[in-house]
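A short write-up of the structure that comes next.
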Amino acid sequence: MTTVSYLIIHGIVFAAYLVKGLTGFGPAIVFISLGALILPPATAVAISPLLDVPAGLILLWKDKGLTSVGYWKQLILPMLAGVVTGALGLRFLSTDVYSILLSVAIALLGVWFLAKPGTPETQNRFISIPPIPEKGAIIAAIAAGVTGGLFGISGPPIIWYFGRRYPKSAFRKIIVPLFLVEAAGRSIINLSLGMIQTQDLLLTTSLFPALLTGLFVGNLWFNIIPQHKFERIIGIVLIASAVRLAIG
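The opening position of the sequence shown corresponds to residue 1095 in our numbering, with each subsequent residue numbered one higher.
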């Protein structure tokens, strides 16, 4: 890898984890889409969860104390069940048509977040999260697992459900643990299958400064950005996710 390519990868990681720090999701959309222009696509896909695990742990540490552990723990098993279902579905279904339909649905959801009237700032911004997930939350977790297993994109169902119901602080505190578990699982699978080589681990480690800087800047913006602008950013990231899914 040339020096220029190395610097570009650092810039991509910075941008990806600025998005993660700001929204709690979305780094893979940036890193895989742009990183695959510099790295072999398989390498970009394989090391993406390795980057997301430390990022998720840092955000989980920063957000500790608000989210009920029992709440998101009860969402993990349904999400994992959905992942298995989606992965099995790959054996029996042609996903081309479904991926196009899903990308259209995600794009429409992104447009909705962009076009909806801004949510006013209220005093209950740091609302308490119930100890037991609602039925809708469990359905969203299952759907996220299925779309993740089928298409490699699990965020939209989770974002659609929680993004409409919770202010930004509660929203991030719910989704970060879910995506952390998913990233850890993908990392274990990639390592066990030999998809990650020693040079990939060395590259991942070298990217940590860019990751940490992006998270720091994104988290600063998260703390000061108004709720209605936060919702607009969610819309933009969802549309980018739809585009990535449509083009493969």
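A virtual CB, placed ideally from N, CA and C, is assigned to each residue, including glycine.
- Item | Same chain, Cβ closer than 8 angstroms to Thr1216, neighbours up to 5 away in sequence not counted | Position 122 of the sequence shown, counting from 1, holds the residue named residue 1216. Summary for Thr1216: the model assigns pLDDT 44, below 50, so the residue's position carries little reliability, and this model does not support an answer.
- Task: Would you kindly work out how many angstroms separate the C-alpha atoms of Ile1170 and Pro1134, rounded to a whole number?
- Result: Here the question's residue 1170 lines up with position 76 in the sequence shown. Here the question's residue 1134 lines up with position 40 in the sequence shown. Each residue's alpha carbon lies about 31 angstroms from the other.
- Query: With a CB to CB cut of under 7 angstroms and the five nearest residues on each side skipped, what residues in its chain are close to Val1139?
  - Reply: In the sequence shown, the residue the question calls residue 1139 occupies position 45. These residues qualify, in order along the chain: Ile1126.
- Alpha carbon of Pro1214 to alpha carbon of Ala1264, nearest angstrom: Numbered from 1 along the sequence shown, position 120 holds the residue referred to as residue 1214. Numbered from 1 along the sequence shown, position 170 holds the residue referred to as residue 1264. Reliability of the predicted coordinates at Pro1214 is poor, the pLDDT of 48 falling under 50, and the value obtained from them is presented with this limitation in mind. C-alpha separation (whole angstroms): 15 angstroms.
- Please state if the CB of Ile1330 and the CB of Ala1201 are separated by a distance shorter than 8 angstroms. Taking the sequence shown and counting its residues from 1, the one referred to as residue 1201 is at position 107. Taking the sequence shown and counting its residues from 1, the one referred to as residue 1330 is at position 236. No; because the gap between Cβ atoms is not below 8 angstroms, this pair is not in contact.
- Query: By the 10 Å Cβ neighbour count, where 16 or more other Cβ atoms means buried, how is Ile1226 classified, buried or exposed?
  - Reply: To locate residue 1226, count along the sequence shown from 1; it is residue 132. Exposed is the call here.
- Message: Please report the distance separating the alpha-carbon of Leu1101 from that of Ile1253.
- Response: Start at 1 with the first residue of the sequence shown, and residue 1101 comes out as number 7. Start at 1 with the first residue of the sequence shown, and residue 1253 comes out as number 159. Computed Cα separation, rounded: 32 angstroms.
- Query: Taking buried to mean at least 16 other C-beta atoms within 10 Å of its own C-beta, is Ser1286 buried or exposed?
  - Reply: Indexing the sequence shown from 1 puts residue 1286 at position 192. Answer is exposed; the Cβ neighbour count stays below 16.
- C-alpha distance - Gly1164 paired with Leu1208, whole-angstrom precision: Position 70 of the sequence shown, counting from 1, holds the residue named residue 1164. Position 114 of the sequence shown, counting from 1, holds the residue named residue 1208. Each residue's Cα considered, the two are about 32 angstroms apart.
- Per-residue burial, Gly1257 [other beta carbons within 10 Å of its own, 16 or more giving buried]: Position 163 of the sequence shown, counted from the start, is the residue given in the question as residue 1257. It is buried - the Cβ of Gly1257 has at least 16 other Cβ atoms within 10 Å.
- Going by other Cβ atoms of all chains shown within 10 Å of its Cβ, with 16 needed for buried, is Asn1313 buried or exposed? Within the sequence shown, residue 1313 is the residue found at index 219, counting from 1. So Asn1313 counts as buried.
- Task: For Thr1298, I'd like the list of residues in its chain whose CB is within less than 7 angstroms of its CB, leaving aside the five on either flank, ordered along the chain.
- Result: For the purposes of this step, residue 1298 is taken as residue 204 along the sequence shown, with counting starting at 1. Within the same chain, Thr1298 has close Cβ partners Ile1141, Leu1144, Leu1145.
- Query: From Val1311, Glu1228, Ile1341, Phe1273, pick the residue whose C-alpha is nearest to that of Tyr1255; which is it?
  - Reply: Translated into positions along the sequence shown, residue 1255 becomes position 161. The shortest C-alpha separation from Tyr1255 is found at Glu1228.
- Task: Could you check the C-alpha separation between Val1270 and Thr1097 for me, to the nearest Å?
- Result: To locate residue 1270, count along the sequence shown from 1; it is residue 176. To locate residue 1097, count along the sequence shown from 1; it is residue 3. Going from the Cα of Val1270 to the Cα of Thr1097 covers about 33 angstroms.
- Query: In three-state DSSP terms, what is Pro1134?
  - Reply: On the sequence shown, residue 1134 is found 40 positions in, with the first residue counted as 1. Note: Pro1134 maps to coil in three-state DSSP.
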